[in-house]
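A.B. asks:
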Amino acid sequence: MKLDLGIFPSGRMKLIRQTEMSECGLACVAMVASNWGLDLDMPYLRRRFSISQRGATINTLMVVASKLGLSARPLKVPLDELEYLQLPAILHWDLNHYVVLQKIESGKATIFDPAASIKKLTIEELSEHFTGIALELAPIEDFKQPEPSPKLRFSQLWHGVSGLRRTLLQIAVLTVITQGFVLLSPYFLQLAVDHVIPSYDIPFLVVLSVGFGLFALIYAISHFLRSFVFLSSGTLLSFVMASNIGRQLFRLPVEWFERRHVGDILSRFQSLQPIQDLLIKGSVVTALDGVLAIAILVVMFLYSPLLALGFVDKA
Numbered sequence: 006m007k008l009d010l011g012i013f014p015s016g017r018m019k020l021i022r023q024t025e026m027s028e029c030g031l032a033c034v035a036m037v038a039s040n041w042g043l044d045l046d047m048p049y050l051r052r053r054f055s056i057s058q059r060g061a062t063i064n065t066l067m068v069v070a071s072k073l074g075l076s077a078r079p080l081k082v083p084l085d086e087l088e089y090l091q092l093p094a095i096l097h098w099d100l101n102h103y104v105v106l107q108k109i110e111s112g113k114a115t116i117f118d119p120a121a122s123i124k125k126l127t128i129e130e131l132s133e134h135f136t137g138i139a140l141e142l143a144p145i146e147d148f149k150q151p152e153p154s155p156k157l158r159f160s161q162l163w164h165g166v167s168g169l170r171r172t173l174l175q176i177a178v179l180t181v182i183t184q185g186f187v188l189l190s191p192y193f194l195q196l197a198v199d200h201v202i203p204s205y206d207i208p209f210l211v212v213l214s215v216g217f218g219l220f221a222l223i224y225a226i227s228h229f230l231r232s233f234v235f236l237s238s239g240t241l242l243s244f245v246m247a248s249n250i251g252r253q254l255f256r257l258p259v260e261w262f263e264r265r266h267v268g269d270i271l272s273r274f275q276s277l278q279p280i281q282d283l284l285i286k287g288s289v290v291t292a293l294d295g296v297l298a299i300a301i302l303v304v305m306f307l308y309s310p311l312l313a314l315g316f317v318d319k320a
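In the numbering used here, each number is its position in the sequence shown, counted from 1, plus 5.
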């Protein structure tokens with residue numbers, strides 16, 4: 006039986022994915038709650054409700070729903086009566102899983118699967134998975150948004166790293182020097198072609214060669230120092246970030262480790278590499294590469310606006 010008095014306006018339900026095999030039921034409760042305006046995330050539900058490795062039963066989901074301010078009604082529903090459920094509703098799926106039935110339109114059911122995605126199935130396809138058990142959820146008087154839980158800030162990953170700004174400044178200076186060599190190299194070639202070769206000015210050629218050689222030496226040293234700073238700072242940052250992640254993980258209850266494979270836990274540490282590359286290499290080098298591109302474009306306009314416009318047009 007459908008009942009909607011309009012006291013709790015329903016909205017757009019969002020897909021919430023599970024990260025553990027046993028928490029599909031929690032994810033489904035959170036999805037139905039989101040339809041009624043209650044914004045819940047999985048970390049909050051995990052902290053508040055303990056689910057065994059074997060997953061949640063219908064009774065467990067009813068207890069979770071009642072503590073969130075939702076009334077729960079379990080039903081055994083034939084396929085031809087699914088459309089009379091108060092939707093969205095939770096369906097028992099494949100004897101070991103839960104999904105949310107959002108709506109039935111034109112003979113097709115829209116299913117929100119926390120282990121996969123949103124899919125549309127015909128009633129025949131749905132019958133291959135649906136066990137006949139459904140759980141209706143509706144808001145009651147105690148239905149309200151919980152206090153927001155404290156979230157881990159991105160800056161906490163590198164908390165404890167001293168001299169990060171100084172390191173980034175060093176990388177910026179060394180990058181400017183190396184990129185400056187790229188900008189000035191054509192100028193040395195221009196001097197040689199326009200002034201030395203036509204006049205056979207050997208002394209000036211010697212001075213130009215020595216200057217170019219010294220500048221190339223400075224470039225090589227700067228390039229080496231920048232690589233060394235990248236390596237040393239990256240190693241230190243990796244160690245500190247891994248230590249912070251490890252410290253955070255070891256504060257979690259034992260149940261958190263019992264519900265996860267070793268590879269899943271190790272992936273938390275392996276995911277630090279892209280963050281490290283972004284902090285040390287991506288932020289500084291990308292910004293300076295952008296400045297270098299603008300500088301090259303300006304120099305091209307000073308030499309030949311027509312050539313610069315042709316380059317911009319081709320780009």
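Note that the Cβ used here is the ideal one computed from N, Cα and C, for glycine as well.
1. If L213 sits next to F193, beta carbons under 8 Å apart, how far is it from one beta carbon to the other, in whole angstroms?
2. With respect to the alpha helix (DSSP H) encompassing V104, which residues constitute its N-terminal and C-terminal limits?
3. Find out if the Cβ-Cβ distance for the pair L179, S227 is shorter than 8 Å.
4. Apply the 10 Å Cβ neighbour rule to E28 and answer buried if 16 or more other Cβ atoms are within range, or exposed otherwise.
5. Determine the DSSP secondary structure at R78, reduced to helix, strand or coil.
6. Apart from the five residues on each side of it in sequence, which residues of its chain come closer than 6 Å, Cβ to Cβ, to I202?
7. Nearest-angstrom Cα distance between Q278 and Q184?
8. State yes or no: is the C-beta of L131 within less than 8 Å of the C-beta of A114?
9. From which residue to which residue does the beta strand (DSSP E) around P119 run?
10. I'd like the span of the alpha helix (DSSP H) that includes I145, first residue to last.
11. To the nearest angstrom, how far is it from the Cα of K72 to the Cα of L84?
12. Would you say L174 reaches chain D, if we count a Cβ-Cβ gap shorter than 8 Å as a contact?
13. Grouping DSSP H, G and I as helix and E and B as strand, with all else coil, what is V303?
14. Judging by CA-CA distance, which residue of N40, A77, R78 is the nearest neighbour of K108?
15. To the nearest angstrom, how far is it from the Cα of I207 to the Cα of V304?
C.D. replies: With the structure as the only source:
1. 6 Å
2. No alpha helix (DSSP H) contains V104, which is instead part of the beta strand (DSSP E) from 102–110.
3. yes
4. buried
5. strand
6. none
7. 26 Å
8. yes
9. Careful: P119 lies outside any beta strand (DSSP E) and carries neither H nor E.
10. Per DSSP, I145 belongs to no alpha helix (DSSP H) and is neither H nor E.
11. 30 Å
12. Absent from the structure: chain D. Only one protein chain is present.
13. helix
14. N40
15. 28 Å
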